[in-house]
Ligand SMILES: Cc1ncc(COP(=O)(O)O)c(C=O)c1O
């Protein structure tokens, strides 16, 4: 015995529809409730929403820049530079699904991420002292600041000893600024060859262009050095110039202030 009118197949379908609607309404309400609970866990609510919107916007700008350059957006990774950022700014970005972060200091990174390392990719983007090389090699997935022969030798020894395999980038001081770390362009090929000779797996190059110069020519120079050394990865571009960097072939961009807001003053 069915409860629909004879000759009509509308009634049961309407019943199904009504049940389906109720189910989807319940699903929406549950997901809303889940979102509210998620936000509640990342108090304060107003600042939690803001960084997520920034993350969406930066990812959209990265994708648009890649497409405009005829590149696949999936080729370019966002390294969220969490250095000197308060946890309240970082957590919403983490909750929103960002898994790659850049840190400046070994100690600060270990304190911040040590207990929640699972599923993350961590890049060291600040200067590395040789006495921290062992810790850095064991902790970071990527070290972007290989910049001198002594560090290369120590890293080679430590990597072999620990059996770890951080991906390595050579930092190039494209602007030849005396206050900045990195190998000057004229010495880049020799240094890369020296690293390879030590058994280091060099994945790519990184640069930080001078603040008062057009970054495009520095990105082009980095791309040229990488190409002639057979290196496929380019870490270049920050908050103000990541779209230009993508145009010149960046495979990762390091974005801090545009994502998290202004950094805290140095301790
Ligand atoms: C090496 C490096 N890359 C990227 C950034 C991020 O810069 P911005 O905040 O301009 O995105 C910083 C910040 O200091 C940095 O030191």
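Numbering (this note's numbering), first residue to last: 1 to 267.
For glycine and all other residues, C-beta sits at the position ideal for the given N, C-alpha and C.
All figures in this text were calculated on a predicted structure; none of them were measured in a lab.
For residue 145, the three-state secondary structure derived from DSSP is strand. Checking the DSSP bridge columns, you'll see residue 167 partnered with 142. Within the chosen limit of 7 angstroms, ligand 1 does not reach the beta carbon of residue 172 with any heavy atom.
Around the Cβ of residue 62, a 10 Å sphere holds 16 or more other Cβ atoms; the residue is buried.
Shown here for residue 167: same chain residues with a beta carbon closer than 6 angstroms to its own, the five before and five after excluded, namely 142 and 203 in chain order. The residues 185, 207, 209, 218, 221 and 222, in chain order, have a CB closer than 7 angstroms to that of residue 174 in the same chain once the five nearest residues on each side in sequence are set aside. Taking 8 angstroms as the upper bound for CB-CB distance, residue 159 and residue 137 are in contact here, some 5 angstroms apart.
Judged by their CB atoms, residue 170 and residue 155 are not nearer to each other than the 8 angstroms cut-off. In this structure, the alpha-carbon of residue 243 lies about 23 angstroms from that of residue 182. Relative to ligand 1, residue 252 has its C-beta separated by 7 angstroms or more from all heavy atoms. Fewer than three pairs of CB atoms, one per stretch, sit closer than 8 angstroms, so the region 89-97 makes no contact with the region 122-134.
The criterion of a C-beta distance shorter than 8 angstroms is not satisfied by residue 200 and residue 84.
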